[in-house]
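Chemist: The structure under discussion is supplied below as structure tokens; questions concerning it will follow.
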Amino acid sequence: MVDAMTGTTAATEETTARWSAELRTHGRRVTKQRLAVLRAVDTAPHTVADDVVAAVRTDLPDITLQSVYVILADLVETGLVRKIEPPNSPARYETRVNDNHHHAVCTGCGRIEDVDCAVGHAPCLTPGNTHGMTIQIADVLYRGLCTDCAEAAAS
């Protein structure tokens, strides 16, 4: 249901409240800039910083690219946002964190899709030799052709 006075939904308010609490937990102030960046990344997962800036500027027209980069770096540091660095692509960002999912990247068009944990429990993959480390996460990137690119290549 949309609140007539604020134009927000209950789900949006709940998400904003959760982000606000997490920011405070990490000793960060809750600012309209941080919340706008979180909303932009949440609305368009796997987005690049330039697209985050464009989305944020619809509400905050004076925000700079540098400010968005600083906010994104801070949100990555706090764990509210995950930075993905696919080969031959600028960094991308998403709010889906702490679930140890992976990504599939189309080598034709660059589309990125989430892939749930490959097998079993996190960290999903058990290395043959841990070199004495306690493995906490496996960061897997699958690469291939999406259906659209495969069909285009076949024709």
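Its first residue numbered 53, the sequence shown is counted upward by one per residue in my numbering. Backbone N, C-alpha and C define an ideal beta-carbon position, used for all residues, glycine too.
1) Using only the alpha-carbon positions, how far apart do Pro-179 and Val-167 sit?
2) Do you know offhand how far Ala-88's Cα is from Ala-206's?
3) Tell me the rounded alpha-carbon separation between Leu-75 and Val-120.
4) Keeping to the same chain, check which residues put their C-beta closer than 7 Å to that of Thr-42; ignore five residues upstream and five downstream.
5) For Ala-196 and Thr-159, I'd like the C-alpha separation in whole angstroms.
6) Tell me where the alpha helix (DSSP H) around Ala-206 begins and ends.
7) Provide the residue span of the alpha helix (DSSP H) that contains Ala-96, from first to last.
8) Per DSSP, Ala-156 is paired with what?
9) If you reduce the DSSP assignment to three classes, tell me which class Ile-115 lands in.
10) Do you know whose CA, among Gly-184, Gly-131 and Arg-163, lies nearest Ser-141's CA?
11) Identify, in the order they occur along the chain, each residue of the same chain with its Cβ nearer than 8 Å to the Cβ of Arg-144, setting aside the five sequence neighbours on each side.
12) At the level of alpha carbons, what is the spacing between Ser-72 and Asp-111?
13) Check each candidate in Thr-186, His-78 and Arg-91 and name the one with the smallest Cα separation from Asp-107.
14) May I ask you to report which of helix, strand or coil DSSP gives Glu-137?
15) Report yes if the C-beta distance between Thr-147 and Arg-80 is below 8 Å; otherwise report no.
Modeler: By the coordinates alone:
1) Along the sequence shown, read from residue 1 onward, the residue named residue 179 stands at position 127. Along the sequence shown, read from residue 1 onward, the residue named residue 167 stands at position 115. Looking at the two C-alpha atoms, the distance is approximately 19 Å.
2) Here residue 88 refers to the residue found at position 36 when the sequence shown is read from its first residue. Here residue 206 refers to the residue found at position 154 when the sequence shown is read from its first residue. Computed Cα separation, rounded: 42 Å.
3) In the sequence shown, the residue the question calls residue 75 occupies position 23. In the sequence shown, the residue the question calls residue 120 occupies position 68. Rounded to whole angstroms, Leu-75 to Val-120 spans 16 Å at the Cα level.
4) An answer regarding residue 42 cannot be provided, because it is not within the stretch 53 to 207 covered by the chain.
5) Locating residue 196 in the sequence shown gives position 144, where the first residue counts as 1. Locating residue 159 in the sequence shown gives position 107, where the first residue counts as 1. Sequence inspection shows Gly at residue 196; the Ala mentioned does not correspond to that position. Between the alpha carbons of Gly-196 and Thr-159 lies a distance of about 5 Å.
6) On the sequence shown, residue 206 is found 154 positions in, with the first residue counted as 1. Counted as a single uninterrupted DSSP element, the alpha helix (DSSP H) harbouring Ala-206 occupies residues 199-206.
7) Sequence index remark: in the sequence shown, residue 96 carries index 44 (1-based). Where Ala-96 is concerned, there is no enclosing alpha helix (DSSP H), given that its DSSP letter is neither H nor E.
8) Along the sequence shown, one-based indexing puts residue 156 at 104. Its beta-bridge partners are Glu-165 and Tyr-194.
9) On the sequence shown, position 63 is the one that residue 115 refers to. Of the three classes helix, strand and coil, the one that applies to Ile-115 here is coil, per DSSP.
10) Taking the first residue of the sequence shown as 1, we reach residue 141 at position 89. Selected option, being the one with the closest Cα: Arg-163.
11) Here the question's residue 144 lines up with position 92 in the sequence shown. Closer than 8 Å at Cβ, skipping near neighbours: His-98, Thr-99, Val-100, Lys-135, Ile-136, Glu-137, Pro-138 and Ile-164.
12) Stepping through the sequence shown from its first residue, residue 72 is reached at position 20. Stepping through the sequence shown from its first residue, residue 111 is reached at position 59. Approximately 18 Å, taken between the alpha carbons.
13) For this step, residue 107 is matched to residue 55 along the sequence shown. For the record, residue 107 in the displayed sequence is Ala; it is not Asp. Checked all of Thr-186, His-78 and Arg-91; the closest Cα to Ala-107 is Arg-91.
14) Within the sequence shown, residue 137 is the residue found at index 85, counting from 1. Here Glu-137 sits in coil by DSSP.
15) As a first step, residue 147 must be located in the sequence shown, where it is residue number 95. As a first step, residue 80 must be located in the sequence shown, where it is residue number 28. No. Outside cutoff.
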